[in-house]
Amino acid sequence: LSERLGGVFDRLTKQGALTEADVLTALREVRVALLEADVSLPVARDFIKRVQEKATGSAVTKSITPGQMVVKFVHDELVRVLQGDGQADALKIDNPPATILMVGLQGSGKTTTTAKLAKRLKDRAGKRVLMASLDTNRPAAMEQLAILGGQIGVDTLPIVKGESAVQIAKRAKTQASLGGYDVLFLDTAGRLHIDEVLMDEVQSVRDIAQPREVLLVVDGLTGQDAVNVASEFDGKVGISGVVLTRMDGDGRGGAALSMRAVTGKPIRFVGLGEKMDAIETFDAERVAGRILGMGDIVALVEKAQETFEAEQAERMAKRFAKGMFNMNDLRMQLEQMLKMGGMQGLMGMLPGMAKHQAAAAEAGIDDSMLRRQIALIHSMTKRERANPDMLQASRKKRIAAGAGLEVQDLNRLLKQHKQMADMMKKMGKGGMMKNIIRQFT
Ligand code: GDP
Ligand code: MG
Numbered sequence: 005l006s007e008r009l010g011g012v013f014d015r016l017t018k019q020g021a022l023t024e025a026d027v028l029t030a031l032r033e034v035r036v037a038l039l040e041a042d043v044s045l046p047v048a049r050d051f052i053k054r055v056q057e058k059a060t061g062s063a064v065t066k067s068i069t070p071g072q073m074v075v076k077f078v079h080d081e082l083v084r085v086l087q088g089d090g091q092a093d094a095l096k097i098d099n100p101p102a103t104i105l106m107v108g109l110q111g112s113g114k115t116t117t118t119a120k121l122a123k124r125l126k127d128r129a130g131k132r133v134l135m136a137s138l139d140t141n142r143p144a145a146m147e148q149l150a151i152l153g154g155q156i157g158v159d160t161l162p163i164v165k166g167e168s169a170v171q172i173a174k175r176a177k178t179q180a181s182l183g184g185y186d187v188l189f190l191d192t193a194g195r196l197h198i199d200e201v202l203m204d205e206v207q208s209v210r211d212i213a214q215p216r217e218v219l220l221v222v223d224g225l226t227g228q229d230a231v232n233v234a235s236e237f238d239g240k241v242g243i244s245g246v247v248l249t250r251m252d253g254d255g256r257g258g259a260a261l262s263m264r265a266v267t268g269k270p271i272r273f274v275g276l277g278e279k280m281d282a283i284e285t286f287d288a289e290r291v292a293g294r295i296l297g298m299g300d301i302v303a304l305v306e307k308a309q310e311t312f313e314a315e316q317a318e319r320m321a322k323r324f325a326k327g328m329f330n331m332n333d334l335r336m337q338l339e340q341m342l343k344m345g346g347m348q349g350l351m352g353m354l355p356g357m358a359k360h361q362a363a364a365a366e367a368g369i370d371d372s373m374l375r376r377q378i379a380l381i382h383s384m385t386k387r388e389r390a391n392p393d394m395l396q397a398s399r400k401k402r403i404a405a406g407a408g409l410e411v412q413d414l415n416r417l418l419k420q421h422k423q424m425a426d427m428m429k430k431m432g433k434g435g436m437m438k439n440i441i442r443q444f445t
């Protein structure tokens, strides 16, 4: 995902000029990229819609370039969704012994995460921690936790053969109280898929254990499945947070984003490897940055934009002064207009144009018209743009079709161009155009 988005913003940066059309194009790419990263369709759609709404609303803000807008709004929205209401803080472990119930599918990383978190609490907060495996399905599972406990110096509940998960939970609670532990981790059994038996067991354990936290451990690489698992567990057991494992290596933000958006539950930690220290608190800013991979793009875009506009204005002014005004010039004008807040905003700012504003609105001269005109010009070849007089019927047909419009739309554009070109010629003689362009770039 980050590579892909990086590519999108690279392209924007290199183009120099950033138009509202670029913003839309970029957002389309962002949407595809999100989908490819296994963000669910409704989540991606929703996300893009919100970014677009926010970005479009501030199109009139002069100090923000469209490039900055895309980057900033995508980034901010990512952080907003990932962050939620910001309760991804420390685990609730006051009133010892505080029980933390670990749930999730088999192989998601429950046992590993249990040990990682136990070590963290012991090392960083000096807590006395007890861990108990409730995994009666696989005999090796209990030993696995005991071995990890030995490695990290955290106590584990002695293994008693033949007990049920609920019995183990009870014994663990008693042991935690008697032994003066601060925190008790209950590492439950997983299944390959969600089933009734698993859910019933986890519910019974939850009722007995009265945990302060129910942490769902999900494999960050399973994308969309992870989201379904989270919804299921939250519905049946109620979770207080999510731990996303395997976010090392190929781990990307896609799962994190859907997870947050769909369940509304905070992502508390991310697992970043098999080692006992490979866990971090979830950092929305960092994950958003990783999803975007954007680095200094904002600064780059800004610079490119400034240089472009200064050069552009100078060059255009010179051309107009000579009475030159071809389709490329018109396109730049149209794009500039869109950027300046569209037709209405622009006319309002032009001296003497305000009185034409109502007439223009009546004649259907609006932003969507500007976009259609830009599309028509894009559909022309280089030669055609430089020399619109060469446009015969067959060329017109091709150009209109290329833009998904009618030949009469093109004719209207050509007529408008001619009028503007004539006007430029007149204005150019007085040097007036140069001043007007200056004013708007
Ligand atoms: P459980 O069945 O849910 O208890 O899963 P385990 O804790 O036994 O983990 C299954 C496998 O995933 C083990 O080989 C772990 O070392 C590995 N694992 C767990 N968390 C991570 C992680 O964050 N990154 C990577 N790369 N491997 C992990
Ligand atoms: Mg396990």
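Numbers given in UniProt numbering equal positions in the sequence shown, counted from 1, plus 4. Glycine included, every Cβ here is placed at the ideal spot set by N, Cα and C.
Distances from the CB of residue 114 to the heavy atoms of the ligand MG include at least one below 7 Å. In the three-state reduction of the DSSP assignment, residue 81 falls in the helix class, which pools H, G and I. For residue 136, the enclosing beta strand (DSSP E) has its first and last residue at 133-137. Residue burial is scored here from C-beta neighbours: residue 159 has at least 16 other C-beta atoms within 10 angstroms and is therefore classed as buried. C-alpha of residue 103 to C-alpha of residue 138: approximately 13 Å in a straight line. Of all C-beta pairs linking the segment 233-251 to the segment 205-221, three or more are shorter than 8 Å, placing the two stretches in contact.
Between the ligand MG and residue 145, a heavy atom-to-CB distance of less than 7 Å is present. In this structure, the alpha-carbon of residue 284 lies about 12 Å from that of residue 123. Per DSSP, residue 216 lies in no beta strand (DSSP E) and is assigned neither H nor E. For residue 395, the secondary structure class from DSSP, reduced to helix, strand or coil, is coil. In the displayed model, residue 414 falls within a helix according to three-state DSSP. For residue 28, the shortest C-beta to heavy atom distance toward the ligand GDP is 7 Å or greater. Residue 195 sits in coil when the DSSP states are folded into three classes, being neither helix nor strand.
Relative to the ligand MG, the nearest heavy atom lies less than 7 Å away from the CB of residue 191. Within 7 Å of the C-beta of residue 250 there is at least one heavy atom belonging to the ligand GDP.
In this structure, DSSP gives residue 278 a state outside helix and strand, which the three-state scheme calls coil. Pairing residue 161 with residue 173, the inter-Cα distance amounts to about 10 Å.
In the displayed model, residue 51 falls within a helix according to three-state DSSP.
Residue state for residue 204 is assigned as helix, using DSSP reduced to three classes. Here the alpha carbon of residue 338 sits roughly 28 Å from the alpha carbon of residue 79. Taking all protein chains in view, the Cβ of residue 112 is crowded by 16 or more other Cβ atoms within 10 Å, so the residue is classified as buried.
Ranked by how close their Cα comes to the Cα of residue 378, the residues 417, 400, 48 have 417 in first place. Of the heavy atoms belonging to the ligand MG, at least one sits nearer than 7 Å to the Cβ of residue 139. Counting C-beta atoms within 10 angstroms of its own C-beta, residue 147 has fewer than 16 neighbours from the protein chains shown and is therefore classed as exposed.
With fewer than 16 other CB atoms across the displayed protein chains lying within 10 angstroms of its CB, residue 166 is exposed. Looking at the backbone, the Cα of residue 43 and that of residue 234 are separated by about 14 Å. Rounded to the nearest angstrom, the gap between the Cα atoms of residue 426 and residue 76 is 41 Å. A straight-line Cα-Cα distance of about 13 Å links residue 398 and residue 383.
Going by C-alpha positions, residue 53 is about 38 Å away from residue 116. Residue nearest to residue 275 within the set 292, 39, 194, 251 is 251 (criterion: CA-CA distance). At the C-beta level, residue 245 and residue 217 come within 8 Å of one another. Excluding the 5 residues flanking it on each side, residue 219 has same chain C-beta neighbours closer than 6 Å at 106, 245, 247, in chain order. Between the alpha carbons of residue 333 and residue 394 lies a distance of about 17 Å.
The straight-line gap separating the alpha-carbon atoms of residue 128 and residue 206 is approximately 29 Å. For residue 132 and residue 229, the gap between their C-alpha atoms comes out near 35 Å.
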